[in-house]
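If you're matching positions, the sequence shown starts at 4 in this note's numbering and goes up one per residue. Only one structure is covered here, and it is reproduced in the block below.
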Amino acid sequence: MARQLSLDESAAPLVPDRASLPKLREAAAGCTACDLYKTGTQTVFGEGTRNAEVMFVGEQPGDQEDLAGKPFVGPAGRLLDEALVDAGIDRKTVYVTNVVKHFKWQARGKRRLHQKPNWSEIAACRPWLDAELAVVEPRVLVCLGATAAQALLGPQFRVTRERGRPVESDLAAHVIATVHPSSILRSDPETREQEYAAFVEDLKVVARFT
4 MARQLSLDES AAPLVPDRAS LPKLREAAAG CTACDLYKTG TQTVFGEGTR NAEVMFVGEQ
64 PGDQEDLAGK PFVGPAGRLL DEALVDAGID RKTVYVTNVV KHFKWQARGK RRLHQKPNWS
124 EIAACRPWLD AELAVVEPRV LVCLGATAAQ ALLGPQFRVT RERGRPVESD LAAHVIATVH
184 PSSILRSDPE TREQEYAAFV EDLKVVARFT
């Protein structure tokens, strides 16, 4: 069982040496590096093959992911699946994960509404993401949304300005940012089809590097 950490610590002491994805997933299950473990149902670790050429990184698990214990299985995940098909990418060959591994939410009646993680929560959880990157060593790293992009590429990064274009980074041979699929679901119904098409075009850029 993972040892307990105080809330102001990083997850770094929990990351096992000679890490494999199963070992990382097991260690992360007991993470208390930030206070989100108190309200999240469980740690939602990344999923996919360690030989994946492409790694997708989102912000955090949502309500359905929190309950299932798997990333990108809710509405945004289903939209991502559809877009991957349209872009010619097989989801079974990619690795999907999030910057933050617990669901941060606020009660609204019986609903649990997503809340954006703060920088201390992102920093506490970062060692898990760094470990995933080290094990998988993706050829292409895709940041889904501003939180992931700014966590990995710096707080000044703007997805709206740089989306769909390769970015210089030591994290992978090819690094690209695009919108998070949840933003498409929240968009105006009149523009949703257009925004989805733009998202698919960004993913086609990813496909060209694989």
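Glycine included, each C-beta is placed from N, C-alpha and C at the ideal position.
- Within the model, the alpha-carbon separation for A14 versus A127 is close to 6 Å.
- Assignment of E56 by DSSP, reduced to helix, strand and coil, places it in the coil class.
- Residue burial annotation: E135 is buried, with at least 16 other C-beta atoms found within 10 angstroms of its C-beta.
- Note that the C-beta distance between H117 and Y40 is not below 8 Å.
- DSSP places E135 in the helix class (H, G or I) of the three-state scheme.
- Ranked by Cα distance from V18, the options E12, A30, R94 are led by A30.
- Within the DSSP secondary-structure output, C146 pairs in a beta bridge with V60, A180.
- For A149, the CB contacts under 7 Å within the same chain, skipping 5 residues up- and downstream, are V162 in chain order.
- The DSSP-derived three-state label of G51 is strand.
- Taking 8 Å as the cut-off, the Cβ atoms of A36 and F202 do not count as close.
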